[in-house]
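Asks: Take this structure, written in structure tokens, and hold onto it; I'll ask about it next.
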Amino acid sequence: DVKVTQSSRYLVKRTGEKVFLECVQDMDHENMFWYRQDPGLGLRLIYFSYDVKMKEKGDIPEGYSVSREKKERFSLILESASTNQTSMYLCASSFGWGGMEGYTFGSGTRLTVV
Amino acid sequence: KQEVTQIPAALSVPEGENLVLNCSFTDSAIYNLQWFRQDPGKGLTSLLLIQSSQREQTSGRLNASLDKSSGRSTLYIAASQPGDSATYLCAVSTLSNFGNEKLTFGTGTRLTIIP
Chain P
1 DVKVTQSSRY LVKRTGEKVF LECVQDMDHE NMFWYRQDPG LGLRLIYFSY DVKMKEKGDI
61 PEGYSVSREK KERFSLILES ASTNQTSMYL CASSFGWGGM EGYTFGSGTR LTVV
Chain Y
1 KQEVTQIPAA LSVPEGENLV LNCSFTDSAI YNLQWFRQDP GKGLTSLLLI QSSQREQTSG
61 RLNASLDKSS GRSTLYIAAS QPGDSATYLC AVSTLSNFGN EKLTFGTGTR LTIIP
């Protein structure tokens with residue numbers, strides 16, 4: 001069974017800390033995505049990557065950066081965490097163009113910044 | 001910019017009824033449309049994927065239709081059960097500003113099946 005694994009289910013961090021959210025997929029997918037989900041706003045795309053070391057900004061990239069050094073791993077970095085980054089973060093992956101096999105999501109990381 | 005709308009935001013129906021969830025999108029230049037289910041505090045589970053060249057897809061009691069020209073999709077759930085209670089999300093696959101593929105989501109319909 002294909003999987004997208006997010007390293008932490010729950011995370012509590014202090015304001016100003018540097019935070020790393022890790023995502024690993026075992027499907028050899030080219031594309032990987034980071035979303036955040038907030039009540040009333042739905043899922044919003046932060047960053048995505050279509051190849052190793054390649055990335056593109058999504059709709060809300062401010063305050064975030066990403067790293068993709070290996071095909072299977074996509075990291076989301078909060079350089080200096082703030083309380084407005086408290087949210088549920090979801091990672092996803094897909095194969096090639098046209099999403100022929102659809103998208104697979106991880107279980108999410110609920111981040112609280114205090 | 002692609003916008004995806006799901007109406008209603010919440011829906012409650014008695015067990016056993018058939019129901020329809022609606023999704024609309026503003027830009028018809030999509031590669032595919034996908035329906036997901038999300039249980040409270042959990043990630044997303046893919047239900048059905050419809051390619052842009054297809055009109056519908058079926059899986060068990062679920063049937064999803066796509067009318068690209070009018071920017072609409074529906075998810076039909078037959079003989080609803082309490083276990084169907086969840087939030088249902090619609091997402092469309094389109095090109096980004098740099099020509100890469102990305103998903104845009106609706107805000108979801110929270111479905112409650114009343115036993």
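Residue numbers (the numbering used here), protein chains in the order written: chain P, 1 to 114; chain Y, 1 to 115.
No residue lacks a Cβ here, since even glycine has one placed at the ideal position from N, Cα and C.
Report buried or exposed for R55 (chain Y), applying the criterion of at least 16 other Cβ atoms within 10 angstroms of its Cβ.
Replies: Start at 1 with the first residue of the second sequence, and residue 55 (chain Y) comes out as number 55. Counting Cβ neighbours within 10 Å, R55 (chain Y) comes out exposed, since fewer than 16 surround it.
Asks: Would you be able to state if there are at least three C-beta pairs under 8 Å between the stretch 4 to 15 of chain Y and the stretch 70 to 88 of chain P?
Replies: They do not touch, by the three-pair rule.
Asks: With a cut-off of 8 Å on the beta carbons, I'd call L32 (chain Y) and Q6 (chain Y) a contact; round off their distance for me.
Replies: Translated into the one-based positions of the second sequence, residue 32 (chain Y) becomes position 32. Translated into the one-based positions of the second sequence, residue 6 (chain Y) becomes position 6. Going by the sequence as given, residue 32 (chain Y) is Asn instead of Leu. At roughly 17 Å, the Cβ-Cβ gap does not stay under 8 Å, so N32 (chain Y) and Q6 (chain Y) are not in contact.
Asks: Starting from L41 (chain P), follow the beta strand (DSSP E) in both directions and report where the run begins and ends.
Replies: Along the first sequence, one-based indexing puts residue 41 (chain P) at 41. No beta strand (DSSP E) holds L41 (chain P); DSSP gives it neither H nor E.
Asks: Would you list the one or two residues that DSSP bridges to S93 (chain P)?
Replies: For the purposes of this step, residue 93 (chain P) is taken as the residue at position 93 of the first sequence. Beta-bridge pairing links S93 (chain P) to P:M32 and P:T104.
Asks: From the DSSP output, read off the bridge partner residues of V12 (chain P).
Replies: Numbered from its first residue, the first sequence carries residue 12 (chain P) at position 12. Its beta-bridge partners are P:T112.
Asks: May I have the straight-line CA-CA distance separating T124 (chain P) from L21 (chain P), to the nearest angstrom?
Replies: In the structure displayed, chain P extends from 1 to 114; residue 124 (chain P) sits before or after that span and is not available.
Asks: Closer than 9 Å, CB to CB, is Y127 (chain P) near chain Y or not?
Replies: What is shown of chain P runs 1 to 114, which leaves residue 127 (chain P) out entirely.
Asks: How would you list, in chain order, the residues of chain P whose beta-carbon sits under 8 Å from the beta-carbon of T107 (chain Y)?
Replies: Taking the first residue of the second sequence as 1, we reach residue 107 (chain Y) at position 107. Neighbours of T107 (chain Y) on chain P, chain order: G40, L41 and G42.
Asks: Closest Cβ-Cβ distance between E56 (chain Y) and chain P: below 9 Å?
Replies: In the second sequence, residue 56 (chain Y) corresponds to position 56, counting from 1. Chain P, which has no Cβ nearer than 9 Å to the Cβ of E56 (chain Y), makes this no.
Asks: Strictly under 9 Å for the Cβ-Cβ distance: is A64 (chain Y) near chain P by that measure?
Replies: Within the second sequence, the letter at position 64 stands for residue 64 (chain Y). Judged by the 9 Å Cβ criterion, A64 (chain Y) is not in contact with chain P.
Asks: Quick check on L41 (chain P): buried or exposed, where buried means 16 or more other Cβ atoms within 10 Å of its Cβ?
Replies: In the first sequence, the residue the question calls residue 41 (chain P) occupies position 41. Exposed is the call here.
Asks: Quickly, what does DSSP pair Y88 (chain Y) with across the bridge? List them, please.
Replies: As a working note, residue 88 (chain Y) is residue 88 in the second sequence. According to the DSSP secondary-structure assignment, Y88 (chain Y) is paired through a beta bridge with Y:R37 and Y:T109.
Asks: Do the stretch 74 to 86 of chain Y and the stretch 104 to 115 of chain Y meet, that is, are 3 or more Cβ pairs less than 8 Å apart?
Replies: Short answer: they touch.
Asks: Against chain Y, which members of the stretch 79 to 95 of chain P pass a CB distance test of less than 7 Å?
Replies: L90
Asks: List the residues that DSSP assigns as beta-bridge partners of R68 (chain P).
Replies: To locate residue 68 (chain P), count along the first sequence from 1; it is residue 68. According to DSSP, R68 (chain P) bridges with nothing at all.
Asks: Output the distance between the C-alpha atoms of Y47 (chain P) and N18 (chain Y), rounded to the nearest integer angstrom.
Replies: Residue numbering aside, residue 47 (chain P) sits at position 47 when the first sequence is read from its first letter. Residue numbering aside, residue 18 (chain Y) sits at position 18 when the second sequence is read from its first letter. Whole-angstrom Cα-Cα distance: 38 Å.
Asks: Where do the ends of the beta strand (DSSP E) carrying E56 (chain Y) lie?
Replies: Position 56 of the second sequence holds residue 56 (chain Y). Judged by DSSP secondary structure, E56 (chain Y) falls within the beta strand (DSSP E) whose first and last residues are E56 to S59.
Asks: Give me whichever residues DSSP pairs with L48 (chain Y) in a beta bridge.
Replies: Here residue 48 (chain Y) refers to the residue found at position 48 of the second sequence. Its beta-bridge partners are Y:W35.
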